[in-house]
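Colleague: The structure's right below; bear with me while I get my questions together.
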Amino acid sequence: YLESLNFVVYVIVGAVLLKCTFSLRELRQAALRVKRLLLKEKLDEARFELRSLVSRDTQDLPKPLLVSATVESVAESTCDSFVAPLFYFLLPLLFGVPGLFGVLGAVAYRVVNTLDAMVGYHRKYEYLGKFASRLDDVLNFIPARLTALLLALATFLSRRGAQASWQAALGEHSKTESPNAGWPIAAMAGGLSVQLEKVGHYRVGKANARLVPETIDAALKLMLIAVLFWVIICFIVGGIGFVLTS
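Under this note's numbering, the first residue of the sequence shown carries the number 3, and numbering increases by one thereafter.
Here it is as structure tokens:
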């Protein structure tokens, strides 16, 4: 209805709704705030700031693990905040479904993802939380693996070596509790040649380089390259879909 009413309004509304599914700018700003606090050795403030990025207890984390948690969040959010929403935006277009349904697909994904983050496996909302978490696992199955591949390509373009990134993703993704989070986290660890750790849960990657505040910059660079690469792919796929359905 909206599409037939006014194409311009349709494009504007669709763009605004789609933009609402992305949160990379907020992620980047939060990660850089953590980095700046770490450089100033303000660890307590960095721990507090990190709480906006991760759900784990940050109270006693030493400096390297604060860096690790930030880098892990950047890796996971590359999938949750950009790759996956665009994936579900494009999916209907490939089957000849009007573009507004693509926007609704992206919004629906973000709703499920946010619900999982808020109440997933929460005792107070046990059934709703489990449902949201299982649905989020299903919806992220392809995007998580796609994100790992994009991060491996990003390491290649940044001359870090894609092989180590992709090998880490293939060999170590199962170390995390989530069936999907391990893919981008392991790919990021391999691409940066670092070991990422959540105490008492997992260690991913080989510690060939130290975790320092500047590692956060490197992770954000890989994220940016992966995002740009994904945008190019989406334009190509979207164009093909438009031609096939027009």
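All residues carry an ideal CB built from backbone N, CA and C; glycine is no exception.
Specify the secondary structure class of L198 as computed by DSSP and reduced to three states.
Modeller: If DSSP states are grouped into helix, strand and coil, L198 belongs with the strands.
Colleague: In the DSSP assignment, find the beta strand (DSSP E) that holds R162 and state where it starts and stops.
Modeller: Run containing R162: none; DSSP gives neither H nor E here.
Colleague: Could you say which of P94, S135 and S83 lies nearest to R30 if we only look at CA atoms?
Modeller: Checking every option, the nearest Cα to that of R30 belongs to S83.
Colleague: What whole-angstrom Cβ distance do S51 and L39 have, given they're in contact under 8 Å?
Modeller: Per the sequence shown, the amino acid found at residue 51 is Glu instead of Ser. With a Cβ gap of about 6 Å, E51 and L39 count as contacting.
Colleague: For N210, count the other beta carbons within 10 Å of its own beta carbon; 16 or more makes it buried, fewer makes it exposed. Which is it?
Modeller: Looking at its Cβ environment, which holds fewer than 16 other Cβ atoms inside 10 Å, N210 is exposed.
Colleague: For F91, does the count of other Cβ atoms within 10 angstroms reach 16, so buried, or fall short, so exposed?
Modeller: The residue in question, F91, is buried, as its Cβ has 16 or more Cβ neighbours within 10 Å.
Colleague: For S70, count neighbouring Cβ atoms within 10 angstroms of its own Cβ and tell me buried if that reaches 16, exposed if not.
Modeller: Classification for S70: buried.
Colleague: Let me make sure I understand the geometry here. Which of V114, D118, F89 and N115 has the alpha-carbon closest to that of V105?
Modeller: Checking every option, the nearest Cα to that of V105 belongs to F89.
Colleague: Could you tell me the alpha carbon to alpha carbon distance between D62 and I242, rounded to whole angstroms?
Modeller: So the alpha carbons of these two residues sit roughly 51 Å apart.
Colleague: Using 10 angstroms around the beta-carbon of R162, count the other beta-carbons present and answer buried if the total reaches 16, otherwise exposed.
Modeller: Buried, since its Cβ has 16 or more Cβ neighbours within 10 Å.
Colleague: P94 to G107, Cα distance in whole Å?
Modeller: Cα-Cα distance, rounded: 8 Å.
Colleague: DSSP three-state call for R112: helix, strand or coil?
Modeller: Residue state, collapsed to three classes: helix.
Colleague: Determine contact between the segment 177–188 and the segment 147–165, defined as no fewer than three beta-carbon pairs at a distance below 8 Å.
Modeller: These segments touch.
Colleague: Please go through the same chain and pick out, in chain order, the residues whose beta-carbon is closer than 6 Å to the beta-carbon of E74, but skip the five residues on each side of it.
Modeller: Excluding residues within five positions, the ones whose Cβ falls inside 6 Å are I187 and L198.
Colleague: Closest to G202 by C-alpha separation, out of A48, E43, L67 and V36, would be which residue?
Modeller: Comparing Cα-Cα distances from G202 to each of A48, E43, L67 and V36, the minimum goes to L67.
Colleague: Along the chain, where does the beta strand (DSSP E) containing R205 start, and where does it finish?
Modeller: Start and end: Y204 to V206.
Colleague: According to the neighbour-count rule (16 or more other Cβ atoms, all chains shown, within 10 Å of its Cβ), is A228 buried or exposed?
Modeller: It is buried - the Cβ of A228 has at least 16 other Cβ atoms within 10 Å.
Colleague: Grab me the residues of T72's own chain with a C-beta within less than 6 Å of its C-beta, minus the 5 sequence neighbours each way, in chain order.
Modeller: Excluding positions up to five away in sequence, the list reads A33, V36 and I218.
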